[in-house]
Each structure stands twice: as C-alpha cells, then as structure tokens.
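Novice: First the structure, then my questions, so here it is.
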Amino acid sequence: MPLNAGVLIIGSLLWDERRGPWREARLDMISAQNATAPIRYGRLSESRGNTYTMVFSRLCEAGHAKVLRCTHSVSTAADLITEAEALWKAEQPSVDPGRIAADWGCVALLCNPDRKVPEDLLKAWADRVEREPNYGRVSQTQEEGRLIGKDGLLQIAWPRLLESDMPVQLDLLLATANDPEITATSPSYPDPVTIANAWNAAANRHAEYFWKNLDNGIRTFQDDEIRARLRARER
Numbered sequence: 002m003p004l005n006a007g008v009l010i011i012g013s014l015l016w017d018e019r020r021g022p023w024r025e026a027r028l029d030m031i032s033a034q035n036a037t038a039p040i041r042y043g044r045l046s047e048s049r050g051n052t053y054t055m056v057f058s059r060l061c062e063a064g065h066a067k068v069l070r071c072t073h074s075v076s077t078a079a080d081l082i083t084e085a086e087a088l089w090k091a092e093q094p095s096v097d098p099g100r101i102a103a104d105w106g107c108v109a110l111l112c113n114p115d116r117k118v119p120e121d122l123l124k125a126w127a128d129r130v131e132r133e134p135n136y137g138r139v140s141q142t143q144e145e146g147r148l149i150g151k152d153g154l155l156q157i158a159w160p161r162l163l164e165s166d167m168p169v170q171l172d173l174l175l176a177t178a179n180d181p182e183i184t185a186t187s188p189s190y191p192d193p194v195t196i197a198n199a200w201n202a203a204a205n206r207h208a209e210y211f212w213k214n215l216d217n218g219i220r221t222f223q224d225d226e227i228r229a230r231l232r233a234r235e236r
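The working numbering applies: residue 2 is where the sequence shown begins, and numbers increase by one.
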C-alpha cells in the first residue's frame, strides 16, 4: 500500500521565494495545516546576517508549525529518498543533488505511531543516512538527549493539529533539523534578548525571517518576548 507522506515545516521553506519551485513540484499547498512541534529560534545563520533561525528543541514548549502533504505517495524506499533529497536541495540550493545533510543540519524522518510503516522501508532509510557524510550533527542540551537517532528518525512527538488536537493524518513526515547555537559554559539556547538584539544589529531585511514566520502562522513560545524587543517592522 502506498504511504501518504508530508513535510513538517518550521521556517522559511514555507514562504521563501527561492523555495517556490520545490513547493510547486513536491507539495500540495492546499493541504497545509497548523500543527504542534517543539521549536524555538536557535541556529546562528551567517547567510541571514548572523541572526537566528528555527530549530527543534525536544524539551521546549510546543510551537506552531505547518504540515503539508507531498503530491507523490511513497511506495518504496527510493520514493522516500527522492523526497528527502528534493527537500534538502530546497534547503540548500547550492548543494550537489543527492545529498540529505551538511555539517549544520539534515533531513530526518518521523513516523506516525498509529500507522504500520514497513520495516524494510525503515531499514533502507537507516542504511541511506548511514552513508551520508555529516548526518545527524544536530545538538541538543544534555537534558534533551539525542534529537536524531542513528536510524535517521526524529525523536519528537508526532504532531497534532491545532484546530482539533487530533494527530496529523499522514503516515510519514520529513523535516529539516538544523544545529542550534548552544553555549558551552552553561549549556543553553540563546534567549529572546540575544535573538532580538541580533536582528536589531543586522540589516532590516534579516528580521523579515521572524515577521514572515508570524505572517504564515509559524510561532514559538518566545515570540512575544522577541517582538517586545525588536525594532518596528519596516513596510
């Protein structure tokens, strides 16, 4: 039986114009739903003026993410890997085709615990990530434990729909997980003051990452504190 797959999106993959061709080719945009995910601002991005972008954080309060169904069903491991490679190419357009990771992030898989996912597909996925250079280098604090297993599975709860609190009705979800900036002396994520100050110090266009996330319904537990310290949005 073909499996229904989707993508769990927590940032600019949803709205960045550069990712438009990928969204049009691989996702059913009409299917977009609001869902829970443990997310926060945490990755220090040089390409965005040394400001912070979204990461998964296993013990943080649930935020609002987006789930979109893939337009192609998954019948084989090759189908799943094709979706993962297309997702990573959208995440990092300059990368060579056929990659699913870099030293700052990777594509991970989340399985619906209420659906039966074939063991041979999961084994093929685990074999694929084992061959990928730099796979799974995504930090968490010691209390949080490992975010991505050696089998390439994302260690977070299956998302629930915000409107109904029902589980997302898909079999599989792919997601990109990025490595956060965790301080070494007292292991912790950047706080809202640090995050807002980074955007205030950068060119105005970089703060649009925050504002466009809000525009598109992607939210974290930090948003109110960040917004209170952020310069007014330029129109």
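The beta-carbon is built from N, C-alpha and C at its ideal position, and this holds for glycine as well.
Looking only at C-alpha atoms, which of R100, N198, W105 and L154 sits nearest to K124?
Specialist: It is L154 whose Cα lies nearest to the Cα of K124.
Novice: State the Cα-Cα distance for the pair P1 and M167, rounded to the nearest angstrom.
Specialist: With the chain running from 2 to 236 in the structure shown, residue 1 is simply not present.
Novice: Helix, strand or coil for F57 per DSSP?
Specialist: F57 falls in the strand class under three-state DSSP.
Novice: At what residues does the beta strand (DSSP E) containing N179 begin and finish?
Specialist: Taken as a continuous stretch (DSSP letters only), the beta strand (DSSP E) holding N179 covers L173 to N179.
Novice: Looking only at its chain, what residues have a beta carbon closer than 7 Å to the beta carbon of N201, apart from the 5 residues adjacent to it on each side?
Specialist: Excluding residues within five positions, the ones whose Cβ falls inside 7 Å are L231 and R232.
Novice: Three or more beta-carbon pairs under 8 Å between the segment 159-174 and the segment 4-12, yes or no?
Specialist: Contact holds: three or more Cβ-Cβ distances are below 8 Å.
Novice: For the 8 Å Cβ check, are there 3 or more pairs between the segment 81-96 and the segment 29-49?
Specialist: At 8 Å Cβ cutoff, the stretches do not touch.
Novice: State the beta-bridge partners of H65 as determined by DSSP.
Specialist: H65 is bridged to T37 and R220.
Novice: On a CA-only basis, which of A199, D216, W159 and I10 is nearest R116? Give me that one, please.
Specialist: Comparing Cα positions, the closest option is W159.
Novice: By the 10 Å Cβ neighbour count, where 16 or more other Cβ atoms means buried, how is E62 classified, buried or exposed?
Specialist: So E62 counts as exposed.
Novice: List, from N- to C-terminal side, the alpha helix (DSSP H) runs of 4 residues or more that fit wholly inside the segment 91-137.
Specialist: As far as the segment 91-137 is concerned, its whole alpha helix (DSSP H) runs of at least 4 residues are 120-131.
Novice: DSSP beta-bridge partners for D29?
Specialist: In DSSP, D29 forms a bridge with R70.
Novice: For D29, which residues of its own chain have a beta-carbon under 7 Å away from its beta-carbon, when the five flanking residues on both sides are left out?
Specialist: The residues are L69, R70 and T72.
Novice: So, is G21 buried or exposed, given that buried needs 16 or more other C-beta atoms within 10 angstroms?
Specialist: With fewer than 16 Cβ atoms within 10 Å of its Cβ, G21 is classed as exposed.
Novice: If you measure between the beta carbons of D104 and R138, is that distance less than 9 Å?
Specialist: Cβ atoms of D104 and R138: closer than 9 Å.
Novice: Between the beta-carbon of A38 and the beta-carbon of A66, is there less than 9 Å?
Specialist: Yes.
Novice: Less than 8 Å between the CB atoms is what I'm expecting for A91 and L163, so what's the real figure, rounded?
Specialist: No, A91 and L163 are not in contact; Cβ-Cβ is about 24 Å, not under 8 Å.
Novice: Tell me the DSSP bridge mates of G43?
Specialist: According to DSSP, G43 bridges with nothing at all.
Novice: Grouping DSSP H, G and I as helix and E and B as strand, with all else coil, what is R161?
Specialist: Three-state DSSP puts R161 in a strand.
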